[in-house]
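Chemist: The opening residue of the sequence shown carries number 658 in my numbering; numbering runs sequentially from there. I'd like to ask some things about the structure below.
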Amino acid sequence: MKPFVILGASKTGTSTAVASANSHPSVFCFFEGDFSRSADHGRNSELAALLPGASILCDSGKTFAECLSHLDKDLRANGWTFDRLGTKIQGIRPDVLPRLGNACVLFMVRDVRLWAVKNRVIRDVMTARTATNVVPFLVGYARYFLDSFLIENCLRLPLDRVLSTDMSVLPAAMSKLLGLPQAGFERWWQKAPTWKGIAPKNYSTWTEGHTSAFLPPLLADTNSHLAPHPFWDVFLPVFDKYFLRPDMSYGRSEILRDQKTLDEIARYHAMTLNEGFARFESFKIRNLTKLPDGKLNLEATDRVTESEIEAAADRWAPEQT
Numbered sequence: 658m659k660p661f662v663i664l665g666a667s668k669t670g671t672s673t674a675v676a677s678a679n680s681h682p683s684v685f686c687f688f689e690g691d692f693s694r695s696a697d698h699g700r701n702s703e704l705a706a707l708l709p710g711a712s713i714l715c716d717s718g719k720t721f722a723e724c725l726s727h728l729d730k731d732l733r734a735n736g737w738t739f740d741r742l743g744t745k746i747q748g749i750r751p752d753v754l755p756r757l758g759n760a761c762v763l764f765m766v767r768d769v770r771l772w773a774v775k776n777r778v779i780r781d782v783m784t785a786r787t788a789t790n791v792v793p794f795l796v797g798y799a800r801y802f803l804d805s806f807l808i809e810n811c812l813r814l815p816l817d818r819v820l821s822t823d824m825s826v827l828p829a830a831m832s833k834l835l836g837l838p839q840a841g842f843e844r845w846w847q848k849a850p851t852w853k854g855i856a857p858k859n860y861s862t863w864t865e866g867h868t869s870a871f872l873p874p875l876l877a878d879t880n881s882h883l884a885p886h887p888f889w890d891v892f893l894p895v896f897d898k899y900f901l902r903p904d905m906s907y908g909r910s911e912i913l914r915d916q917k918t919l920d921e922i923a924r925y926h927a928m929t930l931n932e933g934f935a936r937f938e939s940f941k942i943r944n945l946t947k948l949p950d951g952k953l954n955l956e957a958t959d960r961v962t963e964s965e966i967e968a969a970a971d972r973w974a975p976e977q978t
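Structural data, given as structure tokens:
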């Protein structure tokens, strides 16, 4: 069994990565099974209900790889056999990195220009108001992304690439990370109705929400236009150095030096959302279906332009319905 962990800040596509992983019959990925925290924290209680042995692993000091190895044995004892076993940890969690062990990592990231104005990020992560200084949040996000370059076995995947005309981007990444044929991860939205109803992959209630994770990645849910601001002038060169080249390798000293630069930027700069963005728009997808006439029917919490829907419909080939 090969252990793996999916990492990434909120709203970077980590749930979609879990959906793609679980679409493969030889892979099982827990949803927010966090072994660094107590058994009653978050969704750990769901994991413990499935596998009671998980309770003693939570907050035990064991690495994530060791915990996954233990749970692999418990799964096998129940007649469930998987070649790859993993978990997803969402959020800006640098505290988890020293506890990964030898697990390979898929690190999801999103362009900070979009992540910063995603509706749920503003509401749940920054809890931003008109006068809120968002610089500490943006620096923390970038700092965590740079941390991923210090992980020995890590594949970084920008969500912006997943939300493209090429719907093989995520399956190809999962295949590369886990060493399994790409076909097993493709069209995860079609396979979801099957595995969502079968044990053990149906152990968590997460499948009852997270609509966009079970839809083809056709529409970007956020757009923005920056306003001139001194913060962007010093921050973006550091972020883009890594974001535009996620496959590059950097020396530890260089990464730490750039993180120190980020800390200094946070010390000397402040910016509200209205100061940093000339305009932005974000929405949450409720449902996406293709109609007989070839058009898409989008149910969303906020407005999206008709041209975006039409462009997405053109990319949704008949065999993908």
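Beta carbons are placed, not taken as given, at the ideal position from N, Cα and C, and that holds for glycine. The structure displayed is predicted, hence computed values, not measured ones.
1) Mind checking whether F892 and R813 have CB atoms under 9 Å apart?
2) Decide if A799 is buried, meaning its Cβ has at least 16 other Cβ atoms within 10 Å, or exposed.
3) Would you grab the beta carbon distance between H886 and E932 for me? Rounded to a whole angstrom, and I think it's under 8 Å.
4) DSSP three-state label for R780, please.
5) With 16 other CB atoms within 10 Å as the buried threshold, where does N701 fall?
6) When you compare only the Cα positions, how much space is there between L834 and F692?
7) Report the partner residues of F688 according to the DSSP bridge assignment.
8) For W846, which residues in the same chain have their Cβ closer than 6 Å to its Cβ, ignoring the five residues on either side in sequence?
9) Which word fits Y899, buried or exposed, when buried means at least 16 other C-beta atoms lie within 10 angstroms of its C-beta?
10) Compute the Euclidean distance between the alpha carbons of E963 and T738, then round it to the nearest angstrom.
11) Can you list, in chain order, the residues of its chain whose CB lies under 8 Å from that of G748, leaving out five sequence neighbours each side?
12) Going by other Cβ atoms of all chains shown within 10 Å of its Cβ, with 16 needed for buried, is T784 buried or exposed?
13) Measure the alpha-carbon distance for D890 versus R733 and round it to whole angstroms.
14) Check for me: the alpha helix (DSSP H) holding L732 runs from which residue to which?
15) If you check the beta carbons only, do F934 and A773 fall under 9 Å apart?
16) Give me, in chain order, the residues of the same chain whose beta-carbon lies closer than 7 Å to that of A927; leave out the 5 immediate sequence neighbours on both sides.
17) In chain order, what are the residue ranges of uninterrupted beta strand (DSSP E) at least 3 long that sit wholly in the segment 809–863?
18) I'd like the list of long-range same chain contacts for D817, defined as Cβ closer than 6 Å, with 5 residues on each side in sequence excluded.
19) When DSSP labels each residue in this structure, what does V766 get in the three-state scheme?
Modeler: Looking at the atomic coordinates:
1) On the sequence shown, residue 892 is found 235 positions in, with the first residue counted as 1. On the sequence shown, residue 813 is found 156 positions in, with the first residue counted as 1. No, they are not a contact pair.
2) Looking up residue 799 in the sequence shown gives position 142. It is buried - the Cβ of A799 has at least 16 other Cβ atoms within 10 Å.
3) Residue mapping note: residue 886 aligns to position 229 of the sequence shown, counting from 1. Residue mapping note: residue 932 aligns to position 275 of the sequence shown, counting from 1. About 6 Å separates the two Cβ atoms, so the contact holds.
4) Start at 1 with the first residue of the sequence shown, and residue 780 comes out as number 123. The answer is helix: DSSP assigns R780 an H, G or I state.
5) Stepping through the sequence shown from its first residue, residue 701 is reached at position 44. Classification for N701: buried.
6) The sequence position of residue 834 within the sequence shown is 177, counting from 1. The sequence position of residue 692 within the sequence shown is 35, counting from 1. L834 and F692: Cα-Cα distance of roughly 21 Å.
7) Counting from one through the sequence shown, the residue named residue 688 turns up at place 31. According to DSSP, F688 bridges with K745.
8) As a first step, residue 846 must be located in the sequence shown, where it is residue number 189. Answer for W846: F871, L872, P873, listed in chain order.
9) Start at 1 with the first residue of the sequence shown, and residue 899 comes out as number 242. With 16 or more Cβ atoms within 10 Å of its Cβ, Y899 is classed as buried.
10) Start at 1 with the first residue of the sequence shown, and residue 963 comes out as number 306. Start at 1 with the first residue of the sequence shown, and residue 738 comes out as number 81. Confidence at E963 is low in this model, with a pLDDT of 48, below 50, so the placement of that residue is unreliable and no value is reported for it.
11) Reading the sequence shown from its first residue, position 91 is the one you call residue 748. Same-chain partners within the cutoff: A666, S667.
12) The sequence position of residue 784 within the sequence shown is 127, counting from 1. It is exposed - the Cβ of T784 has fewer than 16 other Cβ atoms within 10 Å.
13) Here residue 890 corresponds to residue number 233 of the sequence shown, with the count starting at 1. Here residue 733 corresponds to residue number 76 of the sequence shown, with the count starting at 1. Spanning the two alpha carbons is a distance of roughly 54 Å.
14) On the sequence shown, position 75 is the one that residue 732 refers to. Where L732 is concerned, the enclosing alpha helix (DSSP H) stretches over 721–734.
15) What you label residue 934 is simply residue 277 of the sequence shown in a count that begins at 1. What you label residue 773 is simply residue 116 of the sequence shown in a count that begins at 1. In contact: F934 and A773 (Cβ atoms closer than 9 Å).
16) On the sequence shown, position 270 is the one that residue 927 refers to. Hits under 7 Å: N790, V792.
17) 811–815
18) One-based indexing of the sequence shown puts residue 817 at position 160. D768.
19) Stepping through the sequence shown from its first residue, residue 766 is reached at position 109. Reduced to three states, the DSSP call for V766 is strand.
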